[in-house]
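Right, one structure below, let's go through it.
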Amino acid sequence: MENFIKKITKDVDLSFAILLSFCVYVFFAINIEVFFSHNISFAILERFAVLGLVGLALTICIIAGEIDLSIGSNAALCAVIVVKLTDPLGAPLAMLIGLSVSTLIGVTQGFVIAFIRIRAIVITVGTLMLLRGVALLIAEEKTVMLTDFRVPDFITTKVLMYFSPASLTVIFIFICVGIFMRYTKYGREIYAIGGARKEALTAGIPLRRPMIIAFALSGFCAGFAGTVIGLKSGTAQGLGLQYLLLAGTVAAFVGGVSILGGKGGVLGAAIGALTVNFLNTGLVFYALQVHFVQLFTSVLLVIVIVFQTMSRVFDSRQARKSLLATIDERKTSLLEKKRSALGR
Amino acid sequence: MSAIIENNQLPFSAKFLQFYKDRTLLAILLSLFAVMFIYGIFFTENYLTITNFKAIIRDAALYGIMAIGLTFVTLSGNFFLLSLKETASICGVTFAMGMATGFGSPDLAGNFLVSLLAALAVGVVSGVIQGYFVGMGGNPIVVTLGGAGILYGIGAWWSDNLVINFTRPHDAEWLGTGSFLGLPSITWSFILIAIAAEIVLRHTNFGRKVYLVGANKAAGKATGHENFSMAIIVFTICSVCCAFVAVAFVAQMDSAQSNYFSAEFGSSGDMTILVIATVMVGGNSIMGGYGSTLRTSLGAIFIAMVDNMMVLQGFNSGPRIVGVGLMIVFSIIVFGLFAKGSRAQE
């Protein structure tokens, strides 16, 4: 416990994230009577199953120093595949196929990025459009629907008051990824290529392996989010789910990742996703239109970016000041030495 | 002098290879042009008509102008904006508000100049604010992703998410549907803006600074050209281009809504991605410092040509989006392979 507190107080961004999420939660808990209740907590965790996964996917990519813009299209493609195949093949097999397609897309992206040594934003803008087109093709430009809406009931049944199988699986994925990122060699390699790529490559870390793992994880998480959304609503569209990119980015940045890479973690991603969930769930009670939700989410993102950028600028100024001060000190001490030598 | 002599002494094949390597992407683009053109002549009905070519250039003009603005941002090493369509939509809403209601004062209703200036001013403000955050050290992608949500939210809030109509005899008709010497006004604007941008980039101090900052940020900083002011200026240029396109589009449609440029806009799904695709297909380096607005214009015409052909062949929107997506990925991979090991890629 002491370790935990020490860790949080040491990490400015993480403590800022916790503070922010706490503020958002308290704000809504005070203003809305029913916000602090079992049902709302269940609803928040249900949303967490989707947003948390997308936030986790973007967090891993940003830790590796890249950003995956194709996440919404990947999720939409997976949702279309799963919903379309559930009727002929049954839900489990359809989920398996959809998830393997998404993971394979992630692996391909990671391989191309590491092989050509190109920035991920460049290639993922292309795949954003490509995957969206593929999803439209598979859906035949229509909204795909389940014929039997009772099939996906198994992922929404309540377990233990607060959880559903979907949210339990997502929490399990979070724990697994957290252990993987923290305690295995492969996870630490992802941190290394994000934080200091040149140094990591010089030290002998292959670029290809961590990049492929990071993007495979990101593709898997995006696909899983798409699966959950598709099965829950029973419908899927080729052009849908583009809002996931904004929500995931906000979750990742609130969770304390740095755009420069190598910073942040799974705990931060969970807190960030929860913050976005609090905001979204709370705004539901005000019966606002969709664009207001987008507006407030973006404002949250801008607040976090401004905080991060300012703290970085402040840090670099502080470092420069201290450097100049040490130089001055040395200069004066040298001058004094000279003077004393001359005086003698 | 000695360098020139050395260069002359190179064997012809090496010189040819060097020339080809310098202009590979242009050569690939031009040969693709030729292939598409010949395919179009032989296998597509109604392709080789003047009306069709006018339609192609007219399509290209809409996202070509935005892409020319975006080229400045890309060349200066600031990647790209994800808030293009949102900037365009809020500027369009502003313009339509001015034309329909005159911002509350009935005297100004339908006043073209005031509405145009207001729309451009909104573009300038959004560009300056986003450029300020990017110049301070924010990542362009993340900043403009947040900016996109805010701009869209404000635009939808202001217009109550309704369609704003204004009636037909209005002062902006010449820009929307008018034509001059047989070409629509928007096509003329595209041509003029392309020429002006090319001149600015090639022959002015500012244009060379854009290339310098994009090619080597550290060198730019050392010689006193910081990215801070550069980011503000290029973001403003890009946003003003978006505002201009929005004004032309709204003048043509006589109406505006906050999601006119979203979702199933035109050919390929998403205006923002389409514009970014145009810049990439033209073969500009996304890392900055390499490329030109001429390439962007060619890329716009190329995408419009491919799209036009697919429409004439009766494809749905799915295959068309796949086609444009494949073009982007292909051009990125080709560019990446040719630039491998050079400075263009960190």
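Line by line, the protein sequences are chains A and B.
Residue -2 is where the first sequence starts when you use the numbering used here, and the numbers rise one by one after that.
Residue 65 is where the second sequence starts when you use the numbering used here, and the numbers rise one by one after that.
The C-beta atom is built at its ideal place from N, Cα and C for all residues, glycine as well.
Keep in mind that this is a model prediction, so the values were computed, not measured.
Residue interval of the alpha helix (DSSP H) (run including residue i)
| i | result |
| --- | --- |
| B:Thr135 | Ile114 to Leu139 |
| A:Arg194 | Arg194 to Thr199 |
| B:Thr300 | Asn291 to Met317 |
| A:Val77 | Ile68 to Leu86 |
| B:Ile205 | Pro204 to Trp222 |
| B:Tyr111 | Run containing B:Tyr111: none; DSSP gives neither H nor E here. |
| A:Val290 | Val287 to Gly340 |
| A:Gln239 | Taken as a continuous stretch (DSSP letters only), A:Gln239 belongs to no alpha helix (DSSP H), as it is neither H nor E. |
| A:Ile115 | Note, A:Ile115: premise wrong, no alpha helix (DSSP H); not H, not E. |
| B:Thr268 | Taken as a continuous stretch (DSSP letters only), B:Thr268 belongs to no alpha helix (DSSP H), as it is neither H nor E. |
| B:Asn142 | Taken as a continuous stretch (DSSP letters only), B:Asn142 belongs to no alpha helix (DSSP H), as it is neither H nor E. |
| B:Leu184 | Phe176 to Gly199 |
| A:Phe342 | Outside the displayed range of chain A (-2 to 341) lies residue 342 of chain A, so it cannot be described from this structure. |
| A:Arg44 | His35 to Ile60 |
| B:Met163 | Leu148 to Thr165 |
| B:Arg359 | Thr357 to Leu376 |
| A:Asp65 | Run containing A:Asp65: none; DSSP gives neither H nor E here. |
| A:Phe151 | A:Phe151 -> no alpha helix (DSSP H), and no H or E assigned at all. |
| A:Asp8 | That residue, A:Asp8, is in no alpha helix (DSSP H); it is neither H nor E in DSSP. |
| B:Met335 | Met335 to Val345 |
Buried versus exposed, by CB contacts within 10 Å (16 or more), residue i
| i | result |
| --- | --- |
| A:Ser295 | buried |
| B:Leu209 | buried |
| B:Ala258 | buried |
| A:Glu63 | buried |
| A:Leu236 | buried |
| A:Leu332 | exposed |
| B:Leu59 | There is simply no residue 59 of chain B to check, as chain B begins at 65 and stops at 410 in what is shown. |
| A:Lys334 | exposed |
| A:Pro203 | exposed |
| B:Ala260 | exposed |
| B:Gly400 | buried |
| B:Pro204 | buried |
| B:Gln194 | buried |
| A:Thr181 | exposed |
| B:Asn291 | buried |
| B:Ser349 | buried |
| A:Cys58 | buried |
| A:Val23 | exposed |
| A:Phe275 | buried |
| A:Cys20 | exposed |
| B:Val388 | buried |
| A:Tyr188 | buried |
| A:Ile27 | exposed |
| A:Val156 | exposed |
| B:Glu109 | exposed |
| B:Gly346 | buried |
| A:Ile324 | exposed |
| A:Ala267 | buried |
| B:Phe254 | buried |
DSSP beta-bridge partners of residue i
| i | result |
| --- | --- |
| A:Met142 | A:Thr232 |
| B:Ala282 | DSSP lists no partner for B:Ala282. |
| B:Pro248 | B:Ser243 |
| B:Ala320 | B:Ile228 |
| A:Val156 | A:Phe160 |
Expected contact under 8 Å - CB spacing of residue i and residue j to nearest Å
| i | j | result |
| --- | --- | --- |
| A:Gly345 | A:Met178 | Outside the shown range of chain A (-2 to 341) lies residue 345 of chain A, about which nothing can therefore be said. |
| A:Val310 | B:Gly201 | 6 Å |
| A:Gly175 | A:Leu11 | With a Cβ gap of about 14 Å, A:Gly175 and A:Leu11 do not count as contacting. |
| B:Gly104 | B:Met373 | 5 Å |
| A:Ile78 | A:Val51 | Between A:Val51 and A:Ile78 the Cβ distance is about 18 Å, and since that is not below 8 Å, they are no contact. |
| B:Thr158 | B:Val186 | 5 Å |
| B:Ala220 | B:Ser322 | 4 Å |
| A:Gly220 | A:Gly87 | Not really, about 18 Å apart at Cβ, beyond 8 Å. |
| B:Ala160 | B:Ser319 | 7 Å |
Inset, instruction - Kindly confirm or deny that the stretch 119 to 138 of chain B and the stretch 303 to 311 of chain B touch, where touching means at least three C-beta pairs closer than 8 Å. - result: yes
Inset, instruction - Check whether the stretch 99 to 108 of chain A touches the stretch 352 to 359 of chain B, taking contact to mean three or more Cβ pairs, one atom from each stretch, closer than 8 Å. - result: no
Legend entry - Contact between the stretch 115 to 122 of chain B and the stretch 272 to 290 of chain B (3+ Cβ pairs under 8 Å): no
Legend entry - the stretch 168 to 181 of chain B in contact with the stretch 336 to 344 of chain B per 3-pair CB rule at 8 Å: no
Inset, instruction - Please confirm if the stretch 257 to 273 of chain A is in contact with the stretch 204 to 220 of chain A, defined as three or more CB-CB distances below 8 Å between the two stretches. - result: no
Legend entry - Three-pair Cβ contact test at 8 Å for the stretch 117 to 133 of chain A versus the stretch 65 to 73 of chain A: yes
Inset, instruction - Check whether the stretch 235 to 250 of chain A touches the stretch 142 to 158 of chain A, counting contact only when three or more Cβ pairs, one atom from each stretch, lie closer than 8 Å. - result: no
Legend entry - the stretch 41 to 55 of chain A in contact with the stretch 155 to 174 of chain A per 3-pair CB rule at 8 Å: yes
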